[in-house]
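Residue 165 in this note's numbering sits at position 167 of the sequence shown, and the numbers go up by one each step. Note that the Cβ used here is the ideal one computed from N, Cα and C, for glycine as well. Reviewing the structure listed below.
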Amino acid sequence: MPYTFLPDTSVMYNRRILEFIEDGVLDNYHPSELESVTQVEVTTIVLSRVMLSEIENQANQTKAQENVGLEVLHELYRLKKQGKILTTIVGERPKLEQIKLNPGGELDALIREDALKSNSILITADEVQSSVALVQGIDVLYTMNMPELDNIQPHEDHVKRIQDFFDDKTMSAHLRGHCKPMAKRGRPGDWKLEPISEDIMEPSEVAEIANRIIRDAKNDEKSFVERNENSVSVIQLRKYRIVICRPPFSNTYEITAVKPLVRLTLADYDLPRKMFDRLDIAEGILVAGNPGAGKSTFISALSDFYLEKNKLVKTMESVRDLDVSPEVSQYAPLNGSLEGTSDILLLIRPDFTIFDEVRVESDFKIFADMRLAGIGLVGVVHASKPVDAVQRFIRRVELGVIPNVIDTIIFIDSGEVAEILSLEMTVKKPSGFADRDLSRPVIEVRNFMSNELVYEIYAFGSDVIVAPIGGSKRRNLSNKKGSKYKGMNAYAGHAEQQNPFERIRCHVYRRSKAYIISVDPAFANSNFNFYAGDRLLFNGALNKMGELSIKNKSPMYSRIQKALREGKRIEASQS
């Protein structure tokens, strides 16, 4: 004879309550606490007002699970109309004081109280909830002890999986309401955006696929909801990194999913022996490149290289999407902060930590702190040129500390290692300076393979100058002219090539014994390349007023002076 069952919030969001009803699990369930449960003619689902309040609250806040809970309630209503179950509502809505105590389990306690008073079997996927309920004498159906259902349930037959939109050549899938589903097919630098089908997708269809992605991620131990913010969810579903956008953030439902195309080793890059020797001793590495250049694929290969050297390797990622070996622990932000993660890593003391990606102000400080604490670091940064990776640290980290934080820059272009730079601090007269009394600490940036000096970075007054030295062209370091792996990258959904920054006209005027180049206060503390026509003059960082001061004893001074005499206009582009 059937019984009454009271589901808590966990089984509403993972939909196991529907699966158990459809599969006859509840009809055939035999409770262990017969004295504390109620037998009925038809399986009855008792809905706690506490659980209903939680679903309502999530929906009003437009969380990722907003439609999941409401959808399950609609399905229960449908099953009731079909006569498969009966439903009833018990308990009271939680008070404000009880909601404030929820982090300590107050609402779960209220749900257990409703189960106890209604003589119902509690259904939960929460281990703590299950354990405490058993102690209280409540009969519990703990769903985590139940095997996963092998077949997709009827209510999901019409909902596609995100995997259905991929084939062997698909780098990323883009689903959007009122539009055709699109896919990027090919490889970085050689891809096409093509329609997957000619059918226009309705927002409701995209929403159903999004809900299924969330359910699958919650029920799969190798998947997780990485980020859950208002109107946006970031999900790692096995190998697929998925971003779901919903109104009001987006004007309609939208899903972007990318997947790794290939897993390589460092041997596949066919690098010179000198490169491997450098990796053995380098401890502050930056892997730089444009979005979609193949940084993540190289990082995965690098992590395997260190594992083979019997090194302890960890990662810290805002979104844990690196494709690394199981031996590599992947750490997310602790309590929403990578600073907390770095504190734990300082206790664990790994040989190498992969920091993916170093982007916002706090990331650069965390990177520097961990390096100075003696932890080997591999940081991933977006940069259009190798030297840009260093410039991202200027004014975020003290100039004299940079060579202690970064010793090697590996620039990835089209899936290949295009250039390697090494950094070293020395005291000397910068190139082009005539007076030896102007000697100062200078960061020398050299081409690692040829040892050619390519940049000098030094302080000049209140400004930081990044001066190009020489003009060697970048070349891929691979010994092969056409590797079959060329251009393959881990998340090729980012394969779009960035357009060069638009030139900005500068105002140049004299002040005492210096030229003042004024750009715009809106670009304060930013790095710019300065040009005279098509000729690059130098690179420098603006001050807080959006200006750059060039003293008359600087070699850049004569370059500006010559350009102005030739009637050329001084322009700048953000680097």
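Neighbour-count burial assignment, residue i, 16 or more Cβ in a 10 Å radius
i, result
"residue 37", "exposed"
"residue 275", "exposed"
"residue 425", "exposed"
"residue 400", "buried"
"residue 343", "buried"
"residue 2", "buried"
"residue 378", "buried"
"residue 62", "Since pLDDT at residue 62 reaches only 46, below the 50 mark, its modelled position is unreliable, and no value is offered."
"residue 239", "buried"
"residue 445", "buried"
"residue 290", "buried"
"residue 405", "buried"
"residue 101", "exposed"
"residue 190", "exposed"
"residue 75", "exposed"
"residue 374", "buried"
"residue 482", "With a pLDDT of 39 at residue 482, under the threshold of 50, the predicted position of this residue should be treated as unreliable, though the coordinate-derived value follows. By the neighbour-count rule (16 or more Cβ atoms within 10 Å), residue 482 is not buried but exposed."
"residue 220", "exposed"
Cβ-based neighbour list, residue i, same chain, cut-off 7 angstroms, excluding 5 preceding and 5 following
i, result
"residue 92", "48, 51, 105, 108"
"residue 364", "336, 337, 340"
"residue 583", "Past the edges of the chain, shown from -1 to 573, lies residue 583, and the structure says nothing about it."
"residue 135", "31, 34"
"residue 540", "517, 521, 522, 523, 524, 526, 546"
"residue -1", "37"
Sheet register partners of residue i (DSSP bridge)
i, result
"residue 140", "122"
"residue 190", "183"
"residue 5", "121"
"residue 233", "223, 240"
"residue 421", "443"
"residue 409", "286, 417"
"residue 399", "Answer is none; residue 399 lacks a bridge partner."
"residue 380", "287"
"residue 426", "438"
"residue 571", "527"
"residue 335", "332"
"residue 502", "570"
"residue 392", "395"
6 angstroms CB neighbourhood of residue i in its chain, flanking five on each side removed
i, result
"residue 10", "67, 70"
"residue 86", "44"
"residue 53", "67"
"residue 516", "505, 545"
"residue 347", "none"
"residue 223", "215, 233"
"residue 385", "453"
"residue 252", "174, 243"
Residue i - containing beta strand (DSSP E), residue span
i, result
"residue 461", "461 to 466"
"residue 373", "Neither: residue 373 is in no beta strand (DSSP E) and is coded neither H nor E."
"residue 169", "168 to 174"
"residue 451", "451 to 458"
"residue 514", "512 to 516"
Extent of the continuous alpha helix (DSSP H) to which residue i belongs
i, result
"residue 439", "Residue 439 -> not in any alpha helix (DSSP H); beta strand (DSSP E) instead, spanning 438 to 445."
"residue 508", "Element bounds for residue 508: not the alpha helix (DSSP H) but the beta strand (DSSP E), 505 to 509."
"residue 50", "47 to 58"
"residue 255", "Element bounds for residue 255: not the alpha helix (DSSP H) but the beta strand (DSSP E), 252 to 256."
"residue 202", "201 to 217"
"residue 273", "271 to 279"
"residue 108", "104 to 115"
8 angstroms Cβ shell around residue i - same chain, five flanking residues per side excluded
i, result
"residue 383", "409, 573"
"residue 146", "Residue placement at residue 146 is poorly supported in this model, since its pLDDT is 46, which falls under 50; the coordinates still yield a value, given next. Answer for residue 146: 217, listed in chain order."
"residue 440", "423, 424, 425, 426, 428, 454, 455, 456"
"residue 370", "399, 402, 403"
"residue 114", "34, 134, 135, 136"
"residue 553", "428, 429, 430, 431, 465"
"residue 571", "498, 499, 500, 501, 502, 526, 527, 529"
* Asked: Which ranges does the beta strand (DSSP E) cover as unbroken runs of at least 3 residues, wholly within the stretch 520 to 569, from first to last along the chain?
  -> Restricted to the stretch 520 to 569, the beta strand (DSSP E) segments that are unbroken, complete and at least 3 residues in length are 525 to 530, 533 to 539, 545 to 549, listed in chain order.
* Asked: Going along the chain, which unbroken runs of the alpha helix (DSSP H) with 4 or more residues stay wholly within the stretch 343 to 370?
  -> 359 to 370, all fully within the stretch 343 to 370.
* In the stretch 298 to 331, which residue ranges form an unbroken beta strand (DSSP E) of at least 3 residues, counting only runs that do not cross its ends? -> Given a length threshold of 3 residues, each whole run of the beta strand (DSSP E) inside the stretch 298 to 331 is given here in chain order: 311 to 315, 327 to 329.
* Asked: In chain order, which alpha helix (DSSP H) runs of at least 4 residues are fully inside the stretch 73 to 97?
  -> Listed in chain order, there is nothing to give.
* Could you name each continuous beta strand (DSSP E) segment of 3 residues or more that falls completely within the stretch 18 to 47, going from the start of the chain to the end? => List check, beta strand (DSSP E) in window: 42 to 46.
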